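One structure is given below, encoded as structure tokens.
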Amino acid sequence: MGYQGIGASVRRKEDLRFLSGKGNYTDDINRPGQLYAVIKRSDRPHATIDSIDIAAASAAPGVVKVFTGADIVEAGLGGIPCGWQIHNIDGTPMAEPMHPVLAVGKVRHVGDPVAVVIAESRQDAKNAAELLDIAYTDMSAVANLTDAVKPGAVEVHDGVGGNICYDWAIGDKAIVDGVFANAHKVVKLDLTNNRLIPNAMEPRVALGDFDTSSGDWTLYTTSQNPHVIRLLMGAFVLHIPENKLRVVAPDVGGGFGSKIYHYAEEAIVTWAAGKLRRPVKWTADRSESFMSDAHGRDHVSTAEMAIDKEGHFLGLRITTLANMGAYLSTFAPAVPTYLYATLLAGVYKTPVIYCNVKAVFTNTVPVDAYRGAGRPEATYLLERLVDVIALETGIDKVELRRKNFIGVDAFPYQTPVALQYDSGDYQTTLKVALKNADWDGFEARRAEAKKRGKLRGIGISTYVEACGIAPSAVVGSLGARAGLYEVAEIRVHPTGSVTVFTGTHSHGQGHETTFAQLVVDQLGVPFDQIEIVHGDTAKIPFGMGTYGSRSLPVGGSAMVKAMDKVIAKGKKIAAHLMEAAVEDIEFKDNTFTVAGTDKSKTLTDISLAAYVPHNYPIEELEPGLDETAFYDPKNFTFPGGCHIAEVEIDPETGVVEMVGFTAVDDVGRVVNPMIVEGQVQGGVAQGIGQALMEACTYDSDGQLLSGSYMDYAMPRANDIPGSLSVATENTLCTHNPLGSKGCGEVGAIGSPPAVINAVVDALKEYGVRHLDMPATGAKLWSIIQAAPSSGHTPAMAAE
Amino acid sequence: MAQVTLTVNGKQHTVEVEGRTLLVELLREKLGLTGTHIGCDTSQCGACVVHIDGMSVKSCTQLALQADGANILTIEGLAEADGTLHPMQEMFREHHALQCGFCTPGMVMTAVDLVQSHPEGLSEKEIREGLEGNLCRCTGYHNIVKAIAAAHPLMHAQAAE
Amino acid sequence: MYDFAYQKPGSLADAVSVLSGDMEAKALAGGQTFIPVLKQRLNKPSTVVDLAGLGLSGITVSGDVITIGAMTRHADIASNADIKAKIPGLAHQASLIGDEAVRHRGTMGGSLANNDPAACYPSALLALGGTIKTDRRTIAADDFFQGMFTTALDQGEIITSIDLPIPEKSAYEKFRNPASRYAIVGVFVAKFASGVRLAITGASQGGVFRHTEMEKALSANFAPDAIAGIVTPADGLNGDIHASAEYRAHLIGVISKRAVAKAA
């Protein structure tokens with residue numbers, strides 16, 4: 002067994018159970034006497050509910066109960082709360098319409114839950130759901146952003162004029178307009194960010210249980226943040242105090258943001274379990290996931306950059322429409338504002354920026370954070386715009402980036418859009434990426450591909466993002482209705498082994514391994530004597546959960562703080578046992594030593610003394626060795642880097658093949674390089690999916706056309722290039738004790754513009770300036786067809 | 078209700094099922110073998126792949142009654158009785174070929190069949206094509222491909238012993 | 111799915127009898143399309159009749175014909191040495207259907223009887239000019255397909271085997287739907303001494319069809335260039351979120367040329 006502390010690629014603890022089929026996912030849990038809930042969902046995008054006849058369904062075999070919106074109203078349940086309030090430019094709060102657990106009076110998107118059938122078996126419940134007689138009157142619907150804001154568009158919520166949830170801005174418009182008025186040149190780009198469906202491989206599941214003897218509720222759920230669910234559902238929807246409500250998120254099969262939010266099904270099964278005095282389980286079919294999991298992205302933007310003669314960026318002006326869907330999901334309002342517009346400086350020293358964001362209600366599934374959340378949208382917009390500037394000025398795209406970079410000596414760097422970057426070195430990540438991708442050898446590869454009848458292109462993206470969310474006071478001032486600290490409890494047991502209770506949640510990230518490495522490093526406890534516990538409000542003091550790449554920078558920092566307390570207390574005990582002054586005690590490698598002597602005590606000696614306090618400073622110190630820390634970060638962290646994509650296009654079919662991808666990221670201190678690489682690889686695959694394949698598609702009337710894997714293209718193994726190179730060039734975060742920045746989202750943030758820049762580069766002889774994601778074969782063929790004759794004669798690939 | 082008799086991981090079971098009961102439902106709900114997962118309803122994700130008489134099959138697209146008399150191997154039966162991991166499981170761990178673990182059982186069962194049926198060797202491209210029916214959202218497949226390539230010589234060396 | 115009775119008859123006669131006696135009974139071959147349909151509750155059979163016990167699988171060569179039992183799995187067709195040697199286009203086609211797990215269960219007879227407009231096999235049967243044998247008659251390929259999801263089969267009629275004439279050359283090329291991986295356009299070309307037959311699946315609203323203009327040109331000159339100038343009209347072709355009718359029309363030309371290049 003080699004070194005297993007920080008910096009080692011320790012193989013994962015959790016793998017043994019996952020590889021042998023011993024994982025414990027929510028759908029694997031069954032409770033005695035369990036009933037099954039099936040949700041009847043709206044099959045229409047916008048309609049009034051005129052009546053619901055439940056008689057036949059209620060009388061169907063196996064049915065225990067049918068609930069509709071009327072029952073929810075009668076029970077006095079609250080609406081599903083939104084966790085973030087944004088204010089309009091005029092200072093008024095955003096429109097925040099009621100989000101009922103079950104639809105009341107109206108349905109507003111395909112998939113909106115209308116009724117729940119609870120039966121002895123799932124099939125009984127499904128059969129009965131077909132017997133529900135619901136009379137609707139259809140209304141006209143709006144699905145896309147530009148339609149929704151047109152004058153005269155139907156209102157998704159009565160009284161929300163123009164379907165505007167909020168009209169928000171950052172920056173000084175007058176100053177920015179002034180810069181544009183005097184600029185040498187203005188480059189403008191209209192673009193969209195395609196709507197995505199997260200598609201964690203485990204569909205959502207919720208199992209509500211009620212203990213008739215104690216009067217306690219338990220919810221087992223596929224969540225990234227059980228404490229947040231307890232808070233939102235208990236306090237706002239079901240009115241159950243925390244002490245009576247336990248939320249368990251066991252092994253969770255991927256999240257990517259989609260399992261952050263409090264969903265109606267969680268409230269339904271918990272409430273119904275209490276009403277019926279029996280456990281109630283709901284398991285989503287995948288087709289149900291498509292219309293009930295929060296979607297991601299979906300922006301329409303116009304971006305303009307003012308530049309001087311040399312290509313220096315003078316000012317950036319942006320307007321964005323952001324789709325909220327039919328209701329506000331938990332974090333939705335924050336995504337296109339504080340996770341998007343604040344990132345628009347990117348890695349560039351653009352001095353002035355103005356961005357106006359209108360969030361828009363539509364008759365679609367709610368949209369919320371999906372891996373990257375706002376930052377992929379900002380990065381895509383900026384990195385596409387920079388490439389267009391390069392095209393229109395003739396300045397080399399690498400040189401253009403270099404000359405506008407924030408310099409390595411400029412940190413801490415205050416951007417014009419609120420954030421203060423603490424560290425970074427964009428020149429270095431760029432330099433290493435160019436080398437790893439053999440940028441200089443590209444033209445030879447392009448020429449070789451041309452001989453094979455293929456159009457080869459290369460694209461680059463240099464980016465920064467904000468992670469480790471976030472300082473509570475800052476987010477509070479920006480409208481967050483929660484604090485975003487993290488919590489860790491370190492329990493040193495009497496014989497020196499350690500259990501860590503963390504408020505973060507691992508659903509693929511490998512916390513059971515990396516967090517144990519932190520303990521190895523700081524306390525010197527052997528790896529196999531460390532247990533990480535997460536995902537249960539009954540065990541963990543508190544926590545805000547895992548999203549925004551915050552687990553290590555925030556949750557890991559909380560662990561460091563708690564271990565500091567353990568060491569501090571341990572020193573006092575050691576001082577007592579070795580009859581020395583506390584100031585003279587040093588702790589290193591699991592051992593307390595009296596400085597300058599050979600007197601020492603191991604952590605086990607100390608923990609034993611703490612729990613068996615026979616010889617112990619009992620007057621001044623409590624027994625036990627169990628410390629908790631709440632860590633509230635001082636700032637966001639700022640991972641960044643450079644991604645380079647290489648593609649080949651078959652001009653006859655338009656099909657793009659990824660032939661190479663190079664990522665060089667700055668994620669701060671790396672605890673486990675193997676896991677960091679895996680996170681980046683996975684993120685890049687999702688970015689490639691967004692750029693080339695994935696498209697959540699609604700028709701103009703609000704019907705979901707991409708409602709299953711038959712129509713929603715997921716990246717498969719042969720869509721990802723074999724030559725996927727991932728590396729890090731790290732600068733340390735300056736304000737958290739680990740120096741870590743987070744690595745969960747960089748892959749999905751940096752990659753889409755790199756891929757599209759490569760596609761546009763490949764098509765340059767066709768005069769293509771821009772195209773929207775995803776770059777499907779069908780789309781590229783249309784572009785090639787429409788292009789003026791390029792003189793390019795495609796050879797036949799099969800020859 | 079009808080009866081189906083089948084051998085699962087070396088142990089024979091006779092189970093009462095409905096005509097519509099899927100093999101995956103039998104495994105998960107009747108036998109408590111929850112390692113086999115359900116990730117979609119259109120037979121595409123592959124989280125439910127098991128071996129029927131040595132061949133990879135999507136257990137969500139198979140009636141339990143069709144498996145009467147069959148020999149089924151699930152992820153729970155892959156390791157040796159003493160817990161020694163199968164080389165494919167070992168290589169998945171070594172190469173960090175899993176993150177959330179949800180697609181993993183189906184991915185491993187597909188990979189084992191893929192390697193077994195290609196003793197002559199597998200190129201990277203063939204491995205990627207062999208994973209056509211298995212979706213993973215976490216890993217980007219990169220390390221899964223590496224793990225399978227690494228398991229190939231180990232499995233065939235073991236088979237040759 | 112809705113519940114149903116399950117039967118696994120031991121003889122063809124018994125299977126026919128159950129299926130003919132009950133209009134709501136449905137035959138189950140490999141189930142790789144049928145079971146997902148049941149799961150979506152799009153079909154409510156009274157009885158599902160499993161054809162796996164009828165001994166209908168196997169591949170035999172006699173003279174210039176390969177006979178494939180209706181219950182022969184895609185994987186067995188893809189890996190069969192005779193098919194690989196004599197009708198390589200078919201072996202390749204079978205290797206592109208679904209994924210390996212699906213190919214272990216799905217059958218040729220089941221796929222042909224279903225006649226999904228995006229399925230692969232109909233193009234092979236039609237291009238090869240094969241013959242369907244059922245429990246009661248033989249049906250020529252040109253008469254078998256009658257529009258999407260529609261065939262010449264009567265209620266209760268069971269395909270027992272498929273006779274495929276061995277061509278001089280054959281190839282299949284498939285342009286896959288990036289999501290479902292079914293064919294957006296699939297082209298099977300077969301060259302016989304008597305001429306060339308070329309069938310296209312995935313593209314047309316009417317299901318699989320022969321491209322007679324290309325056949326004529328290829329019969330005169332079996333080379334990609336022979337069909338390079340042939341424009342397929344988009345009228346009557348499918349259009350969906352993945353590919354417009356115009357794109358499909360264009361792909362028919364490209365994919366056909368590639369199929370010919372591969373066979374030639």
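Protein sequences, first through last, are from chains L, P and R.
If you read the first sequence in this note's numbering, its first letter stands for residue 2, the second for the next number, and so on.
If you read the second sequence in this note's numbering, its first letter stands for residue 78, the second for the next number, and so on.
If you read the third sequence in this note's numbering, its first letter stands for residue 111, the second for the next number, and so on.
The beta carbon of each residue, even a glycine, is placed where N, CA and C say it ideally should be.
Source: prediction; values computed, not measured.
Proximity of chain L to P/T216 at the Cβ level (cut-off 8 Å) is accounted for by G679, Q682, G683, A686, in chain order. The way I'd put it, the segment 304-319 of chain L does touch the segment 181-192 of chain L; three or more beta-carbon pairs between them come closer than 8 Å.
For R/H352, no Cβ of chain P is located within less than 9 Å of the residue's own Cβ. Under a criterion of Cβ atoms nearer than 8 Å, the residues of chain P adjacent to R/V158 are, in order, G96, L140. Residues of the segment 211-243 of chain R that bring their beta carbon within less than 8 Å of a beta carbon in chain P comprise A211, V212, H214, R215, in sequence order. With the rule of 3 Cβ pairs closer than 8 Å, the segment 174-181 of chain R counts as touching the segment 271-291 of chain R.
In the displayed model, L/Y381 falls within a helix according to three-state DSSP. Of all residues in the segment 683-715 of chain L, those with a C-beta nearer than 8 Å to a C-beta of chain R are M694, A696, T698, L706, S707, Y710, M711, D712, Y713, A714, M715, reading in chain order. Against chain P, the beta carbon of L/Y26 has neighbours under 8 Å at T111, H114, F179, listed in chain order. Here L/I407 is buried. Its C-beta has 16 or more other C-beta atoms within 10 Å. In the three-state DSSP reduction, L/Y349 falls in the strand class (E or B).
The C-alpha of L/V677 lies about 16 Å from the C-alpha of L/A517.
Within chain R, no C-beta atom comes nearer than 7 Å to that of L/T213; the closest sits roughly 33 Å away.
At a beta-carbon threshold of 9 Å, the residues of chain L lying near R/H360 are E653, T654, W782, Q786, ordered along the chain. Only those residues of the segment 125-154 of chain P whose C-beta falls short of 7 Å from the nearest C-beta of chain L are listed: T151, I152, E153. Three or more beta-carbon pairs separated by less than 8 Å are not found between the segment 368-379 of chain L and the segment 656-669 of chain L, which leaves the two stretches without contact. For L/D125, the enclosing alpha helix (DSSP H) covers residues 123-130. If one requires a minimum length of 4 residues, the alpha helix (DSSP H) runs lying completely within the segment 641-710 of chain L are 674-693, in chain order. Only residues of its own chain outside the window of five on either side were considered, and among them Y37, A61, P62, G63, V64 have a CB closer than 8 Å to the CB of L/D125, listed in chain order. Excluding its 5 nearest sequence neighbours in each direction, R/G266 has C-beta neighbours in its own chain below 7 Å: V126, L129, S130, listed in chain order. Nearest C-alpha to L/A630 among L/S288, L/M292, L/T284, L/K566: L/K566. Non-local C-beta neighbours of L/Y464 in its own chain, meaning closer than 7 Å and more than five positions away in sequence, comprise G347, V348, T380, E384, G641, G642, I750, G751, ordered along the chain. Less than 9 Å separates the beta-carbon of L/V358 from that of L/A170. It is roughly 10 Å from the alpha-carbon of L/G6 to the alpha-carbon of L/T514. Within the segment 185-269 of chain R, the complete beta strand (DSSP E) runs of at least 3 residues fall at 241-244, 248-250. Where L/A323 is concerned, the enclosing beta strand (DSSP E) starts and stops at 314-326. Within chain P, the residues E95, G96, R97 have their CB atoms less than 9 Å from the CB of R/F114, given in chain order.
Shown here, L/F516 sits in a helix according to DSSP, grouped into three states. Residue burial annotation: R/S172 is exposed, with fewer than 16 other C-beta atoms found within 10 angstroms of its C-beta. Against chain R, the CB of P/E201 has no partner CB under 9 Å away; the residue lies outside that interface. Under the Cβ criterion of 9 Å, L/T777 is counted among the residues facing chain R. Around R/P146, the beta-carbon contacts reaching into chain P at under 8 Å are D118, T119, S120, T138. Using a Cβ distance threshold of 9 Å, L/P527 and L/V521 count as a contacting pair. Around the beta carbon of L/H185, fewer than 16 other beta carbons sit within 10 angstroms, so the residue counts as exposed. Taking 8 Å as the upper bound for CB-CB distance, L/G209 and L/P280 are in contact here, some 7 Å apart. In terms of Cβ geometry, L/I689 and L/D712 do not form a close pair [threshold 9 Å].
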